[in-house]
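In our numbering, the protein residues as written are 15 to 226.
Report on one structure; see the data block that follows.
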Amino acid sequence: MAKKAKKTTQKSAPKKAATKKTTTKKTAVKKSMTKKAASVKSAAKASKPAIKRVVGGSKVKVGEAVPAFSLPGTSNKQFDLAAFKGKSVVLYFYPKDATPGCTIEGHDFTKLLPEFQKSGAEVFGISRDTIKSHEKFKEKEGYSFDLLSDEDEKLCGLFGVMKEKNMYGKKVWGVDRSTFLIGPDGKLAAEWRGVKVEGHAQEVLKKVQEQA
């Protein structure tokens, strides 16, 4: 009986070795796939052009002509400043979609949009969020004007709205809530920086009406 047990043990040994070899092979393959995925992710990140941070004030001053620019917008539209010649344009820069202050500001401009349009002005909100994010935000809140996407911060740099902020004790690079009024002549008619949301849309409307 003892010999028989020993013989059985000897037969099972190669099976254990084979199992161990298979497990080792699977682990090696898994590590290889993980390494490859990490490499692809790293390459994709490296291929994405870095944003050139613009530090300093606006490149366009009140009374000066605003350089021509275009940006992708919601509703599958491409905003082109040249297309608004003869009309006033209100551009309000906000930090981020679906945040409390930005949501309220959007509703304030929406409520007053008929009055802006009556005075010959169109309103557009701008942030660094993607068009996909903008579409969700606009649809959820029911805004009646389009939102423009400035992911590479080109327009933010043109108007000098980027600055370093403190958020929960950490320094971050973000948008300083600001609004700009471009007149029918294509010149910057007015600007508001460090905006406080309450009453701001009404203040901008008043300025538009004064110039209408």
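All residues carry an ideal CB built from backbone N, CA and C; glycine is no exception.
Quick one: residues in its chain with C-beta nearer than 6 angstroms to the C-beta of residue i, no 5 flanking neighbours on either side, listed in chain order?
i      : result
Leu172 : Lys73
Phe107 : Ile140, Val175, Val189, Ser192
Arg207 : Ser192
Gly87  : Phe93, Asp160, Leu162
Lys185 : Glu178
Leu126 : Ala215, Leu219
Phe123 : Val137, Ala215
Short of 7 angstroms in beta carbon distance, which residues of its chain neighbour residue i, apart from the five on each side in sequence? Order them along the chain.
i      : result
Ala112 : Phe151
Asp143 : Lys110, Asp111, Ser163
Ser89  : Asp160
Cys116 : Tyr108, Pro109, Lys110
Leu169 : Phe83, Leu85, Ile140
Ala204 : Val76, Leu195, Lys221
Could you tell me which residues DSSP pairs with residue i in its beta bridges?
i      : result
Asn90  : Bridge partners of Asn90: none, in fact.
Glu136 : Val103
Ile145 : Answer by DSSP bridge pairing: none, since Ile145 is not bridged.
Lys179 : Val186
Ile196 : Val103, Leu202
Ala112 : According to DSSP, Ala112 bridges with nothing at all.
Leu127 : Bridge partners of Leu127: none, in fact.
Ala79  : Lys201
When you compare the CB positions of residue i and residue j, do they come within less than 8 angstroms of one another, or not?
i      : j      : result
Gln2   : Ser84  : There is simply no residue 2 to check, as the chain begins at 15 and stops at 226 in what is shown.
Leu195 : Val104 : yes
His121 : Glu149 : no
Lys312 : Gly197 : Nothing can be reported for residue 312: it is not among the residues displayed for the chain, which extend from 15 to 226.
Val222 : Ser158 : no
Val211 : Glu119 : yes
Check whether the Cβ of residue i sits closer than 7 angstroms to any heavy atom of the ligand FMN, and report yes or no.
i      : result
Asp143 : Ligands displayed in this structure: none; no statement on the ligand FMN is therefore possible.
Taking buried to mean at least 16 other C-beta atoms within 10 Å of its own C-beta, is residue i buried or exposed?
i      : result
Ala79  : exposed
Tyr182 : exposed
Lys62  : Because the pLDDT of Lys62 is 49, which lies under 50, any placement of that residue in the model is unreliable, and the question is left without a value.
Ala82  : exposed
Val209 : buried
Ala96  : exposed
Ala226 : exposed
Leaving aside the five residues before and after residue i along the sequence, list all residues of the same chain whose C-beta is less than 8 angstroms from its C-beta, in chain order.
i      : result
Asp114 : Here residue 114 turns out to be Pro, not Asp, going by the sequence shown. Hits under 8 angstroms: none found.
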